[in-house]
Amino acid sequence: MYSIIVVPPPTTEDEHTRIQFRLAPGERLVFGRSVPEGGLLIGHDGVSRRAGEITAHGTFWALSNLSAHQTYVVENPEGAGEHIKVAPGRLDAPVPFEFSRIVLPAAGDLLPVEVWAPRHDYLRAEDGTDGEPTAPAFSVDRTKRYFAVLAALCEPRLRGAPHAPLPTVEQVVERLRPGWPAASRASVQWNIDYLAVKLRLKPGPETAEAGARLNGKKESLVSMALRFDLVREDDLAVLAAPPRRVPR
1042 MYSIIVVPPP
1052 TTEDEHTRIQ
1062 FRLAPGERLV
1072 FGRSVPEGGL
1082 LIGHDGVSRR
1092 AGEITAHGTF
1102 WALSNLSAHQ
1112 TYVVENPEGA
1122 GEHIKVAPGR
1132 LDAPVPFEFS
1142 RIVLPAAGDL
1152 LPVEVWAPRH
1162 DYLRAEDGTD
1172 GEPTAPAFSV
1182 DRTKRYFAVL
1192 AALCEPRLRG
1202 APHAPLPTVE
1212 QVVERLRPGW
1222 PAASRASVQW
1232 NIDYLAVKLR
1242 LKPGPETAEA
1252 GARLNGKKES
1262 LVSMALRFDL
1272 VREDDLAVLA
1282 APPRRVPR
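In the numbering used here, the protein residues as written are 1042 to 1289.
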């Protein structure tokens, strides 16, 4: 049973018919500029002869960086900037992402090798529980205004631009106006301050020391929200304007 699918960098010749390599658990795939038969050949002068090796496991895969000097980056395209770095010479670095992109720096180019690991196992929820339930790590109500503000702040990076600049307060106001006509700079800023306290990025006003400020408040909020999946791409539906009522 195959568990890992590897898609090579696109070329002009195979742009519409890209070859896929399918690996069963325990199988390995060597990639580079000069590889044995059955390996993934990447014909670029900036790629090492034996650049690396992918090893399939049951629900994840591992990457070996066989280059002498170049660090590889493995991105999670669905993780709004989530990535890991694999140093030169590192062997069998585990990669947990379901959909990954290995970025190979190659003499001024960045070559993407996609790796899909669609088999992910999850614990089934128990029908009955004993004792008191565990308190949630982050208590957020997706029906509240503050969540819409947080979603608007996260939107650019959730839309596939992991390093996109965050929207200004004015841009958040304009984004929220269709569903929140009374949105203003003051109300959005109040919700940002409230989120910083609610997510424990800063103490509440009753305990804060005089003069204490949180620099990079929006960046800290978005970083935490995306890191712990407090806001997902599906949650951006809260930014949509409510449906208009058709008069009868």
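Every residue gets a Cβ at the ideal spot worked out from N, C-alpha and C, and that includes glycine.
Cα separation between Ile-1045 and Val-1210?
The straight-line gap from Cα to Cα measures roughly 43 Å.
Taking Ala-1103 as the reference, which of Ile-1060, Val-1071, Ala-1223 has the closest Cα?
Minimum Cα distance to Ala-1103 is reached at Val-1071.
In whole angstroms, give me the CA-to-CA distance for Gly-1084 and Tyr-1235.
Between Gly-1084 and Tyr-1235, the C-alpha separation is close to 53 Å.
Can you give me the start and stop residues for the alpha helix (DSSP H) that Ile-1233 sits inside?
Start and end: 1226-1239.
What would DSSP say about Leu-1104, mapped onto helix, strand or coil?
Here Leu-1104 carries a strand assignment [DSSP, helix/strand/coil].
Residues that DSSP places opposite His-1085 in a beta bridge
Paired residues: none, contrary to the question.
With distance defined between alpha-carbon atoms, name the residue in Ala-1282, Glu-1196, Val-1156 nearest to Arg-1063.
Restricting attention to Ala-1282, Glu-1196, Val-1156, the CA atom closest to the CA of Arg-1063 is found in Val-1156.
Contact defined as beta carbons within less than 8 Å: I believe Ala-1092 pairs with Leu-1107. What is the distance between those atoms, to the nearest angstrom?
Yes, they are in contact, since the Cβ atoms of Ala-1092 and Leu-1107 sit about 6 Å apart, within 8 Å.
Please name the residue, chosen from Val-1279, His-1124, Asp-1182, Thr-1112, that lies closest to Pro-1219 on a Cα-to-Cα basis.
The candidate whose alpha carbon is nearest that of Pro-1219 is Val-1279.
Excluding five sequence neighbours on each side, which residues of the same chain lie with their C-beta closer than 6 Å to the C-beta of Thr-1096?
Excluding residues within five positions, the ones whose Cβ falls inside 6 Å are Arg-1069, Ala-1103.
For Ala-1192, which three-state DSSP category applies?
Correct three-state label for Ala-1192: helix.
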